[in-house]
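Undergrad: Final position of the sequence shown in the working numbering is 92; the numbers increase by one with none missing.
Would you mind keeping the following structure in view while I ask a few things?
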Amino acid sequence: MDIITRIFYLGIAVGPLLGGILWHLFGATSVFYAMSGVSALAFLLVLPFLPEVKNPQASKTEEHVPFKTIIKHDAAKIVPIIGFIAAFIAT
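This is the structure we're talking about:
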């Protein structure tokens with residue numbers, strides 16, 4: 002818990018500084034591109050370590066769809082790609 006708290010406050014302290022440097026050197030949109038890359042990297046690094054958690058109080062008739070089957074669908078792959086391409090076209 003201590004490590005998570007330190008990383009959280011480090012991000013609060015360093016984030017605006019790095020964002021300002023990116024903004025000054027490369028323009029306003031560079032901050033959003035950098036954050037989308039960092040977010041995608043964090044998502045990919047965390048995904049294998051997150052356990053599949055089921056609610057024990059959920060009804061047995063409710064069908065549970067694992068996250069890994071959701072990301073296998075074509076729509077789950079196409080929508081982020083279209084959004085990323087649209088971000089480049091808009092600039």
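Beta carbons are placed, not taken as given, at the ideal position from N, Cα and C, and that holds for glycine.
With H, G and I counted as helix, E and B as strand and the rest as coil, what does DSSP make of I72?
TA: DSSP places I72 in coil when its eight states are reduced to three.
Undergrad: How far does the alpha helix (DSSP H) with M36 in it reach, from first residue to last?
TA: Its alpha helix (DSSP H) spans residues 29 to 47.
Undergrad: Flag this pair as touching only if the region 16 to 24 and the region 32 to 42 have three or more C-beta atom pairs under 8 Å; answer yes or no.
TA: Taking 8 Å as the limit for Cβ pairs, the verdict is that the region 32 to 42 does touch the region 16 to 24.
Undergrad: Just the Cα atoms here: how many angstroms apart are L68 and K78?
TA: In the sequence as displayed, the identity of residue 68 is Phe instead of Leu. Near 13 Å, if we compare the C-alpha coordinates of K78 and F68.
Undergrad: Cutting at 7 Å between CB atoms, please list the residues of its own chain near I71, excluding the five before and the five after it.
TA: Within the same chain, I71 has close Cβ partners A77.
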